[in-house]
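Below: one structure, written as structure tokens.
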Amino acid sequence: MNRSTFSIVSAAGPEPSRETWEAFRGRLAVPGTARTGSPLMISAKSLCIPGGFYGIAAPSVQIGYNSRALTVPEDTDVGTAIVAAQLVSMNYMWQQIRMQGGAYGASCQFNHRSKTFGMTTYRDPHVRRSLEIMRDAGKWLQNPSSLDPSTVDQAAVGVIGQLEIGHLMPDEVLRVSLTRWLAGESPEERQARRVGILEATREGVQKIGQRICETESSAEVCIANETVLTEAGISPLLPLVKYA
1399 MNRSTFSIVS
1409 AAGPEPSRET
1419 WEAFRGRLAV
1429 PGTARTGSPL
1439 MISAKSLCIP
1449 GGFYGIAAPS
1459 VQIGYNSRAL
1469 TVPEDTDVGT
1479 AIVAAQLVSM
1489 NYMWQQIRMQ
1499 GGAYGASCQF
1509 NHRSKTFGMT
1519 TYRDPHVRRS
1529 LEIMRDAGKW
1539 LQNPSSLDPS
1549 TVDQAAVGVI
1559 GQLEIGHLMP
1569 DEVLRVSLTR
1579 WLAGESPEER
1589 QARRVGILEA
1599 TREGVQKIGQ
1609 RICETESSAE
1619 VCIANETVLT
1629 EAGISPLLPL
1639 VKYA
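Per the numbering used here, residue 1399 is the first one in the sequence shown, and the count goes up by one each step.
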């Protein structure tokens, strides 16, 4: 994002994304006239890619970068979903993709504003294997043998530590504060989210897993060289870089 360009990536679909953007755009006001001044003149240009499985070919890339995004219902418990994302990231994807699969990194995050889960792998030697693991995240959360109450409690405590900004560098504090201001997020909303995180239970996490499995709004993208994509049975959607 800069003064002339604003890019939005969403798995919610064209219409929900457009409605959310229109509501958000009015908050982008000229400094000093926030909430009361005239919003900046911003035009929206949309590239709508329907949910599916896409490959982006990058000729020089020898390892992959995979991602999966999905949107859960609006009434999903935010605190429990955040804890579920932490569990998927640190207990499931770390073991399956990082330790066993050899990827340099793997993570899962939940965006409480868009109700979207985002899973990614970094410098990953696998494509289809990693995406299949990400697809099974909901099943893993529902499996009684995957979690015990103490594991859920530990994940909740870890998430709470990440929410605090007192330990951040000044530039990071500014970024977080600006994001909260642009989103219109109140201290009461943040406190309610903290309470929801601390009250997360194994049963609640299992329900989140069920919602992940039932979602119909999802998209998957991987970046790799064309040979790897072809071997994985993926037809490249578009080249990352076009060579003359």
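Quick reminder that beta carbons are idealized off the backbone N, C-alpha and C, glycines included. None of the values given here were measured: they were computed from a predicted structure.
A straight-line Cα-Cα distance of about 10 Å links Arg1592 and Gly1559. The Cβ-Cβ distance between Leu1545 and Cys1620 does not fall below 8 Å. Contact annotation: Gly1582 and Gly1477 have beta-carbon atoms that are not nearer than 8 Å.
Contact between the stretch 1603-1618 and the stretch 1529-1541 is present: 3 or more CB-CB pairs across the two stretches fall below 8 Å. Proximity of the stretch 1473-1488 to the stretch 1500-1517 meets the contact definition, three or more beta-carbon pairs being nearer than 8 Å. Under DSSP, Ala1504 takes part in a beta bridge, and its partners are Thr1519.
About 4 Å separates the Cβ atoms of Arg1521 and Tyr1502, confirming a contact at the 8 Å cut-off. If you ignore the 5 residues before and after Ile1461, its C-beta comes within less than 7 Å of the C-beta of Arg1521, Asp1522, Pro1523, all in its own chain and listed in chain order. DSSP places Thr1469 in the uninterrupted beta strand (DSSP E) bounded by 1462-1469.
DSSP places Ile1558 in the helix class (H, G or I) of the three-state scheme. Spatial neighbours of Leu1596 in its own chain (CB-CB distance under 6 Å, excluding positions within 5 residues in sequence) are listed in chain order as Ala1554. For a cut-off of 8 Å, the C-beta gap from Arg1600 to Val1557 is around 15 Å, too long to register as a contact. By the beta-carbon neighbour count (other beta carbons within 10 angstroms, threshold 16), Thr1514 is buried. Around the Cβ of Asn1464, a 10 Å sphere holds 16 or more other Cβ atoms; the residue is buried.
For Ile1531, there is no enclosing beta strand (DSSP E); the enclosing alpha helix (DSSP H) has its first and last residue at 1526-1533.
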